[in-house]
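**Q**
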Amino acid sequence: MKNDHSFDFHRLDRRDFLKAGIGTLGGLGVILMLPAVVRGAEDSAIKGRKPNIIFILTDDQGYGDLSCHGNPLLKTPNIDKLYSESVRFTDFQVSPLCSPTRCALMTGRHEYRSGVHNTRGPGQNMDIKATTIAQVLKSAGYSTGIFGKWHLGAEPEYQPWKRGFDVALSFSTGMIGEGSPSGMNLFDGNLWRNGKSEKTKGFCTDVFFEEAKKWIADIKGKGPFFAYIPTNAPHTPLDCPEEFIKPYQGKAPTENMAKYFGMIANIDANVGKLMAQLKEWKIDNDTLVIFMTDNGASNHFKDKPSPVAFYNAGMKGSKGSVEEGGTRVPSFWRLPGEFKGGVDVDRLTSNIDVFPTLAEMAGAKIPADLKLDGRSLVPLLKNPKSDWTDRFVFIHESNWGGNPADHKATGFAVRNDRFRLVGNKELFDVKADRGQTKNVYDANTQVANKMKEAYDKWWEEVLPPLQENAKGDEADEKQDKSKKKNKKEK
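For the sequence shown, position 276 matches number 504 in the numbering used here, and the numbering has no gaps at all.
(1) In terms of residues, what are the limits of the alpha helix (DSSP H) holding R330?
(2) With the cut-off set at 9 Å, would you say Q352 and I623 are in Cβ contact?
(3) What are the partner residues of L649, as DSSP defines its beta bridges?
(4) Just the C-alpha distance for L466 and L576, rounded to the nearest angstrom, thanks.
(5) Is the CB-CB distance between A698 and N631 below 9 Å?
(6) Determine the direct distance from the alpha carbon of T286 to that of P607, and round the result to whole angstroms.
(7) If you measure between the beta carbons of L333 and N494, is that distance less than 9 Å?
(8) In chain order, what residues of the same chain lie with their CB nearer than 7 Å to the CB of Y683, ignoring the 5 residues before and after it?
(9) Starting from the Cα of F647, find the closest Cα among M679, T617 and V395 and give me that residue.
(10) Could you have a look at P595 and say whether DSSP puts it in helix, strand or coil?
(11) Which of the three DSSP states is assigned to P719 in this structure?
(12) State buried or exposed for G254, treating a residue as buried only when at least 16 other CB atoms are found within 10 Å of its CB.
(13) Measuring only the C-alpha atoms, how far is K568 from E696?
(14) On the three-pair Cβ rule with 8 Å, is the region 530-545 touching the region 480-493?
(15) Please return the same chain residues whose Cβ sits closer than 8 Å to the Cβ of G430, not counting the five positions on each side in sequence.
(16) Name the one or two DSSP bridge partners that K568 has.
(17) Please tell me whether P324 and V550 are closer than 9 Å, where the distance is taken between their beta carbons.
(18) On a CA-only basis, which of I282, R277, F283 and L310 is nearest S295? Give me that one, please.
(19) At the level of alpha carbons, what is the spacing between S371 and L397?
(20) Which residue wins for smallest C-alpha separation from S526, given the options K547, F519, E470 and V517?
(21) Could you tell me whether the region 649-665 touches the region 358-376, using the rule of 3 or more Cβ pairs below 8 Å?
(22) Determine the extent of the beta strand (DSSP E) in which A660 is found, giving its start and end residues.
(23) Is the region 600-620 in contact with the region 552-568, if contact means three or more CB pairs nearer than 8 Å?
(24) Under three-state DSSP, which class holds E696?
(25) For W687, which three-state DSSP category applies?
(26) Tell me whether Q363 sits in a helix, a strand or coil according to DSSP, three-state version.
(27) Three-state secondary structure (DSSP) at M520?
(28) Cutting at 6 Å between CB atoms, please list the residues of its own chain near T555, excluding the five before and the five after it.
(29) For K427, list the residues DSSP reports as bridge partners.
(30) Could you give the distance in angstroms between the alpha-carbon of A541 and the alpha-carbon of E552?
(31) On a CA-only basis, which of D601, F583 and G565 is nearest E313? Give me that one, please.
(32) When the Cα atoms are used, what is the spatial distance from I404 to T318?
(33) Just verifying my parser: in three-state terms, what is the DSSP assignment at A396?
(34) Please report how far the alpha carbon of K510 lies from the alpha carbon of A497, in whole angstroms.
(35) Following the continuous alpha helix (DSSP H) through W378, name the residue where it begins and the one where it ends.
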């Protein structure tokens, strides 16, 4: 059955929802058996107010890179405090790499639907027609700001100040020192300020948090705000102020790991300062604070052991991998008075769910023709025992070039609440075996076949936008070959 998504999400009740057939895989890319309905402003999740929203997204920090998740060496007291006051999603799945995760967060749709399948070149460009959460919140009366890493397109038309953000202090690409603006550096580097290069002073993570606080100080009390703080840390290049590295030197197995932990400790200190400032302003109880990471632990270390080898909370895989350790991340949501803190939710949740959740909490109206893959997390945030019907979440390793059709079987996984299918022949019961030590495929072929059938159908849906974006990859490859040829001839 082909779903008709032309209906108004805000006028759909449960009976209409079931009649509409959204419980099938259809065009959503996930199986949804309960309403993925985002209410309009006339029926917002929080009666009588629109919460401020601060969304902190760190880069290449794994599930085990927090002391509250059991890391035996790293100390993160401020994030631990946030953890203790938050609803914690313990099975929160993202994409294995930076740009794909960011695209899904921004759009509420699997990144392939917006053409994002790489971390460099045109493959990182989020479809110019995509609707972002910043645009939707802005339409609901929110001021919007980004302070940090964008990584959804380096060309002018793809920049955040053209995608719904009022204010942007950002850089465009995957890491500090790569791409634009020129003069980027971990310390005292240049960043874009709404399209103009600006020299900053200090360590970049400190700059992102300080600039976010300055912006909030200027607009607080003038309406709700959305502050998106996507740090580059602890992504390479590895460095930060010495005071944060020193406690781990001689204790961490390598100097690079000491720097990696130091960068996380610096993030932790900034989270502590931010939370203290919100309390001083007396808006801490009116502000939803989200802490999340973009993929599993870094695998960019030339020395051994890497952080993932040091402590990965018992999971297999790291950044770039479709195993649990590559895609299960911390996800903490704090809003006192609305959500009970210190509560774990073990249901399968995902980066595609952030957009509809924030839209519902803001009372924002989502365009009727927007086909979301995600569902609102509000029921689970209010009651962790709420009904949450199972679904399939699709994961692909990405970062390939050429014809997307050639990469259907190049590193993919399918998750439901209990199982993880990895490729065509491995199935793991991740509720009982998070480390993926026992392949249970042969004992559960019916489950595996259903997952593969769902994946096949989903792939046919996402292939067209991937192929459209891949035309840009092909043009880049031809240009590179032409440059190399001309260089040889000279």
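Where is the CB? At the ideal position from N, CA and C, for every residue including glycine.
**A** Based on what the coordinates show:
(1) As a first step, residue 330 is located in the sequence shown; it is residue number 102 there, counting from the start. Start and end: C326 to T335.
(2) Residue mapping note: residue 352 aligns to position 124 of the sequence shown, counting from 1. Residue mapping note: residue 623 aligns to position 395 of the sequence shown, counting from 1. No, the Cβ-Cβ distance between Q352 and I623 is not below 9 Å.
(3) Numbered from its first residue, the sequence shown carries residue 649 at position 421. Per DSSP, V642 and L655.
(4) Sequence index remark: in the sequence shown, residue 466 carries index 238 (1-based). Sequence index remark: in the sequence shown, residue 576 carries index 348 (1-based). Rounded to whole angstroms, L466 to L576 spans 32 Å at the Cα level.
(5) The sequence position of residue 698 within the sequence shown is 470, counting from 1. The sequence position of residue 631 within the sequence shown is 403, counting from 1. Contact flag set, yes.
(6) Along the sequence shown, one-based indexing puts residue 607 at 379. Along the sequence shown, one-based indexing puts residue 286 at 58. Approximately 26 Å, taken between the alpha carbons.
(7) Within the sequence shown, residue 333 is the residue found at index 105, counting from 1. Within the sequence shown, residue 494 is the residue found at index 266, counting from 1. No, the Cβ-Cβ distance between L333 and N494 is not below 9 Å.
(8) Sequence index remark: in the sequence shown, residue 683 carries index 455 (1-based). Once the five neighbours on either side are set aside, the close Cβ partners of Y683 are F622, F640 and V642.
(9) Along the sequence shown, read from residue 1 onward, the residue named residue 647 stands at position 419. For the residues M679, T617 and V395, the minimum Cα distance to F647 belongs to M679.
(10) Here residue 595 is taken as the residue at index 367 of the sequence shown, counted from 1. Correct three-state label for P595: coil.
(11) Residue 719 cannot be examined here, being either before or after the span of the chain that is shown, 229 to 718.
(12) On the sequence shown, position 26 is the one that residue 254 refers to. Note that G254 has pLDDT 33, beneath the 50 cutoff, so the model's placement of it is unreliable and the number below is only indicative. Buried, by the Cβ-count rule.
(13) Against the sequence shown, residue 568 aligns to sequence position 340. Against the sequence shown, residue 696 aligns to sequence position 468. Straight-line Cα distance between these residues: approximately 45 Å.
(14) yes
(15) As a first step, residue 430 is located in the sequence shown; it is residue number 202 there, counting from the start. The answer, listed in chain order, is F415, D416 and E438.
(16) Within the sequence shown, numbered from 1, the residue matching residue 568 stands at position 340. K568 is not bridged to any residue.
(17) Here residue 324 corresponds to residue number 96 of the sequence shown, with the count starting at 1. Here residue 550 corresponds to residue number 322 of the sequence shown, with the count starting at 1. Cβ atoms of P324 and V550: closer than 9 Å.
(18) As a position in the sequence shown, residue 295 is number 67, starting the count at 1. Closest option to S295, Cα to Cα, is L310.
(19) Your numbering for residue 371 matches position 143 in the sequence shown. Your numbering for residue 397 matches position 169 in the sequence shown. C-alpha separation (whole angstroms): 15 Å.
(20) Against the sequence shown, residue 526 aligns to sequence position 298. Comparing Cα-Cα distances from S526 to each of K547, F519, E470 and V517, the minimum goes to K547.
(21) no
(22) Reading the sequence shown from its first residue, position 432 is the one you call residue 660. From DSSP, A660 is part of no beta strand (DSSP E); its letter is neither H nor E.
(23) yes
(24) By one-based count along the sequence shown, residue 696 stands at place 468. Here E696 sits in helix by DSSP.
(25) In the sequence shown, the residue the question calls residue 687 occupies position 459. Here W687 sits in helix by DSSP.
(26) As a first step, residue 363 is located in the sequence shown; it is residue number 135 there, counting from the start. Helix.
(27) Along the sequence shown, one-based indexing puts residue 520 at 292. DSSP places M520 in strand when its eight states are reduced to three.
(28) As a working mapping, residue 555 is identified with position 327 in the sequence shown. Here the set comprises Q321, V322, P324 and I623.
(29) Position 199 of the sequence shown, counted from the start, is the residue given in the question as residue 427. Its beta-bridge partners are N418.
(30) Working through the sequence shown from its first residue, we reach residue 541 at position 313. Working through the sequence shown from its first residue, we reach residue 552 at position 324. Near 10 Å, if we compare the C-alpha coordinates of E552 and A541.
(31) Within the sequence shown, numbered from 1, the residue matching residue 313 stands at position 85. If we check each option's Cα against that of E313, G565 comes out closest.
(32) Position 176 of the sequence shown, counting from 1, holds the residue named residue 404. Position 90 of the sequence shown, counting from 1, holds the residue named residue 318. Rounded to the nearest angstrom, the two C-alpha atoms are 30 Å apart.
(33) Position 168 of the sequence shown holds residue 396. A396 falls in the strand class under three-state DSSP.
(34) Sequence index remark: in the sequence shown, residue 510 carries index 282 (1-based). Sequence index remark: in the sequence shown, residue 497 carries index 269 (1-based). Cα-Cα distance, rounded: 20 Å.
(35) As a first step, residue 378 is located in the sequence shown; it is residue number 150 there, counting from the start. First-last for W378: undefined, no H or E at that position.
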